[in-house]
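Top to bottom, those sequences are chains G and S. Using my numbering, the first residue of the first sequence is number 1, and each one after it goes up by one. Using my numbering, the first residue of the second sequence is number 1001, and each one after it goes up by one. Below is one structure; the comments refer to it alone.
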Amino acid sequence: MSKTIRVLVAKPGLDGHDRGAKMIARSLRDAGMEVIYTGLRQSPEQIVAAAIQEDVDVIGMSILSGAHNHLFPKVINLLKEQNAEDILVIGGGVIPEEDIPKLKEMGVKAIFTPGTQTKDTVEFIKNNVKK
Amino acid sequence: MELINKMLEGDKRSCAKLISIIENDEKGGEKIVKEIYPMTGNAHVIGITGPPGGGKSTLTDKLIKHLRKKDKKIGVIAVDPTSPFSGGAILGDRIRMNDHALDPDVFIRSMGTRGYLGGLSKQTRNAVKVLDAYGCDYIFIETVGVGQSEVDIVKAADTVVMVMVPGLGDDIQSIKAGIMEIGDIFAVNKSDLMGSQRTATEIKMMLDLSENLDRRPPVVMVTANRNENIDKLVEEIDAHIAYMEETGNLEKRRRSNFEDELLNLVEIEIKKLIKEKTEADGGIKTYAHQLLSRDIDPYTIRDEILEKINLK
Ligand SMILES: Nc1nc2c(ncn2[C@@H]2O[C@H](COP(=O)(O)OP(=O)(O)O)[C@@H](O)[C@H]2O)c(=O)[nH]1
Ligand SMILES: [Mg+2]
């Protein structure tokens, strides 16, 4: 039996809607994954603490507020500090094309901008999670 | 085992990894349980059950808050249903408990039922053992929360808090047969809503009619989202455990729960054995075919199977 992939889906930042995050949560569930949904306005510290307790394979953050250049590095550094850098960090939302290379360099494994098919996200996770 | 040592030192990541191994890998899980077992038995295990949307997660959040003031270490296992179609799940109980994410003395873990029926997951009990060894004073198990299938929680907890809400109306009547025996404490949540007093009265009336209750369960009205009257509920939880200890009922319940757990474990192995030993002949399917054609009767086949696994 293959291991069930666990994904934490978070919607950090101050903007209020999480439709996109909920949609991706449902697609991941339909692809057989366990999705821990932590809701709106989580701080990077809270996200990392939850990811560790839930022992997830992936953290997916949906960011619309433009705070991506702050939030992603914060999460990645916290994971490093807590010896949990094996957790895959991916992102989605409105992120300008020119910011993506820098984010990837910092350790964000993939960025899914609006218009990405959810099946691509599912595929990416399945291919990149360590079995 | 390195992970166990680190968990015992209080490392959350190791604690989380141990629970994952138990959930994913039977053999590895067995080794862990064997090793930590002598260190368990100290936590007070509390089941939180009741209808979906009744406020179980919100209430658990507030119970944590109150018990943290007394400096108690808390574990939570929150179970949500796994989709039978995809095998996936959305586990959303944490949303209500985010305030405690950074508290070093609170550990919250979400679990999918993964095909297990009855409001818990197959490994809930073993996950509780990990949190017990981890040093939690109180461990909450939040169940899936669907009507009759909640009976399981009694077999995994020392105290069961049944969360009820106003407006269930006739539902109370229809589910009472199942639930009146399950709840050690009834919490009428959403007391800010109309009809909560009436719901509390109805529950009390039904409890009065129930026979063979050792102890009449208290009914506490709470408003979880406003943090109202939670201290009263904590008091009742502690009173229940004190009563259980004094009367010897705690030992009695734990012993009977272990009976159930043991039978369960053996049953699983026997089923596996049957599968293994009949595989060469085409498995249980072949037997079913024979039954279908009326070639042979069920009892003869049963004995044949028992012989195959050397039990007859
Ligand atoms: N009016 C009211 N709503 C509440 C109360 N407690 C919880 N809720 C709300 O009920 C909904 C379901 O709560 P949740 O804790 O997720 O229920 P669960 O499914 O039983 O875990 C949420 O929107 C809560 O904010 C309460 O005391 N009064
Ligand atoms: Mg809940």
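By construction, the Cβ of each residue, glycine as well, lies at the ideal position given by its N, Cα and C atoms. In this text the structure is predicted, and so the values were computed from the model without any measurement.
Between residue i and residue j, what straight-line distance do the alpha-carbon atoms span, to the nearest angstrom?
i, j, result
"Lys1031(S)", "Asp1025(S)", "10 angstroms"
"Val1161(S)", "Gly1053(S)", "15 angstroms"
"Asp1260(S)", "Leu1120(S)", "14 angstroms"
"Ile1153(S)", "Lys1056(S)", "14 angstroms"
"Ala110(G)", "Gly1115(S)", "32 angstroms"
"Lys11(G)", "Ile1241(S)", "39 angstroms"
"Met1(G)", "Ile1230(S)", "Bear in mind that a pLDDT of 47 at Met1(G), under 50, signals an unreliable position, so the number given afterwards is only what the model happens to contain. Rounded to whole angstroms, Met1(G) to Ile1230(S) spans 43 angstroms at the Cα level."
"Lys1012(S)", "Lys1072(S)", "16 angstroms"
"Glu1002(S)", "Ala84(G)", "17 angstroms"
"Ala1089(S)", "Asp55(G)", "15 angstroms"
"Arg19(G)", "Gly13(G)", "14 angstroms"
"Leu1151(S)", "Lys1034(S)", "The amino acid at residue 1151(S) is misidentified as Leu; the sequence shows Val. Using only the alpha carbons, I get a separation of about 27 angstroms."
"Ala1127(S)", "Pro96(G)", "43 angstroms"
"Gly91(G)", "Gln82(G)", "20 angstroms"
"Pro1104(S)", "Ile59(G)", "21 angstroms"
"Thr113(G)", "Glu105(G)", "17 angstroms"
"Asp1099(S)", "Leu40(G)", "12 angstroms"
"Ile1284(S)", "Lys1252(S)", "38 angstroms"
"Ile1108(S)", "Ile1274(S)", "37 angstroms"
"Pro73(G)", "Ala21(G)", "20 angstroms"
"Met1164(S)", "Asp1281(S)", "51 angstroms"
"Lys1006(S)", "Asp1238(S)", "31 angstroms"
"Arg982(S)", "Leu1131(S)", "Residue 982(S) lies beyond the range of chain S shown here (1001 to 1312); nothing can be said about it."
Output the boundary residues of the beta strand (DSSP E) element that contains residue i.
i, result
"Thr1113(S)", "Looking at the DSSP string, Thr1113(S) is not in any beta strand (DSSP E), and its letter there is neither H nor E."
"Val48(G)", "Premise fails: Val48(G) lies in the alpha helix (DSSP H), Pro44 to Glu54, not in any beta strand (DSSP E)."
"Ser62(G)", "Val58 to Ile63"
"Arg6(G)", "Arg6 to Lys11"
"Tyr1138(S)", "Tyr1138 to Glu1142"
"Ile1090(S)", "Ala1089 to Leu1091"
"Tyr1037(S)", "Run containing Tyr1037(S): none; DSSP gives neither H nor E here."
Out of the options, which one is the CA nearest neighbour of residue i?
i, options, result
"Val48(G)", "Gly93(G), Thr4(G), Leu78(G) and Phe72(G)", "Leu78(G)"
"Ile1021(S)", "Asp1192(S), Tyr1287(S), Gln1123(S) and Gly1248(S)", "Gln1123(S)"
"Asp120(G)", "Ala10(G), Arg19(G), Lys22(G) and Ala31(G)", "Ala31(G)"
"Ile1182(S)", "Met1194(S), Glu1202(S) and Leu1213(S)", "Leu1213(S)"
"Leu1063(S)", "Tyr1138(S), Ala1239(S) and Lys1312(S)", "Tyr1138(S)"
"Arg1226(S)", "Glu1023(S), Ile1036(S), Lys1006(S) and Leu1059(S)", "Leu1059(S)"
"Glu1235(S)", "His1066(S), Ala1288(S), Asn1042(S) and Leu1008(S)", "His1066(S)"
"Gly107(G)", "Leu71(G), Lys3(G), Met23(G) and Arg29(G)", "Leu71(G)"
"Gln53(G)", "Leu1018(S), Glu1269(S), Lys1275(S) and Ser1083(S)", "Leu1018(S)"
"Ala50(G)", "Ile1036(S), Cys1015(S), Ile1004(S) and Leu1008(S)", "Cys1015(S)"
"Asp99(G)", "Lys126(G), Ala67(G), Ser27(G) and Lys3(G)", "Ala67(G)"
"Lys1027(S)", "Glu1269(S), Thr1278(S) and Glu1276(S)", "Glu1269(S)"
"Asn1257(S)", "Lys1155(S), Gly1248(S) and Leu1263(S)", "Lys1155(S)"
"Gln42(G)", "Ala1043(S), Ala1101(S) and Thr1049(S)", "Ala1101(S)"
"Ala1043(S)", "Gly1248(S), Arg1254(S) and Glu1228(S)", "Arg1254(S)"
Residues in the same chain with beta-carbon distance under 6 angstroms from residue i, minus the five sequence neighbours each way, listed in chain order, please.
i, result
"Ile5(G)", "Met33, Asp57 and Val129"
"Val1144(S)", "Val1079, Pro1081 and Gly1119"
"Pro1051(S)", "Gly1145"
"Phe124(G)", "Ala110"
"Ile1203(S)", "Phe1186 and Val1219"
"Ile1301(S)", "Tyr1287"
"Glu1023(S)", "Gln1123"
Would you give the residue range spanned by the alpha helix (DSSP H) that residue i belongs to?
i, result
"Glu1002(S)", "Glu1002 to Leu1008"
"Glu1259(S)", "Asn1249 to Thr1278"
"Leu72(G)", "Leu is not the amino acid found at residue 72(G); the sequence shown has Phe there. First-last of the alpha helix (DSSP H) with Phe72(G): His68 to Glu81."
"Met1205(S)", "Ser1196 to Leu1209"
"Ile1322(S)", "Since the first residue shown for chain S is 1001 and the last is 1312, residue 1322(S) is missing from the structure and cannot be characterised."
"Thr1124(S)", "Thr1124 to Ala1133"
"Gly1047(S)", "First-last for Gly1047(S): His1044 to Thr1049, but that is the beta strand (DSSP E), not the alpha helix (DSSP H)."
"Phe124(G)", "Thr118 to Asn128"
"Ile1182(S)", "Ile1182(S) -> no alpha helix (DSSP H), and no H or E assigned at all."
"Gly1283(S)", "Gly1283 to Leu1292"
List the whole-angstrom C-beta distance separating residue i from residue j, where the pair is believed to meet the contact cut-off of C-beta under 8 angstroms.
i, j, result
"Gly1047(S)", "Ile1141(S)", "5 angstroms"
"Leu8(G)", "Thr38(G)", "6 angstroms"
"Val1045(S)", "Ala1157(S)", "5 angstroms"
"Ile24(G)", "Arg1094(S)", "With 8 angstroms as the limit, Ile24(G) and Arg1094(S) do not qualify as a contact, their Cβ atoms being about 17 angstroms apart."
"Leu1291(S)", "Pro1298(S)", "6 angstroms"
"Pro44(G)", "Val89(G)", "In fact, because the Cβ distance is near 11 angstroms, the residues do not count as touching under 8 angstroms."
"Cys1136(S)", "Gly1075(S)", "4 angstroms"
For residue i, which residues from the same chain have a beta carbon less than 8 angstroms from its beta carbon, with the 5 sequence-adjacent residues on both sides left out?
i, result
"Gln117(G)", "none"
"Arg1198(S)", "Pro1166"
"Lys1312(S)", "Asp1303 and Leu1306"
"Leu1250(S)", "Asp1158, Ile1241 and Met1244"
"Ile1179(S)", "Glu1150 and Met1162"
"Arg1096(S)", "Ser1057, Thr1058, Thr1060 and Asp1061"
"Ile1309(S)", "Ile1270, Leu1273, Ile1274 and Lys1277"
"Pro1084(S)", "Gly1115"
Ignore the nearest five residues each way along the sequence and tell me which others in residue i's own chain have a CB closer than 7 angstroms to its CB.
i, result
"Met1039(S)", "Ala1133"
"Ser1196(S)", "Pro1166, Val1188, Lys1190 and Met1221"
"Ser1110(S)", "Ala1078, Asp1080, Leu1091, Asp1093 and Arg1094"
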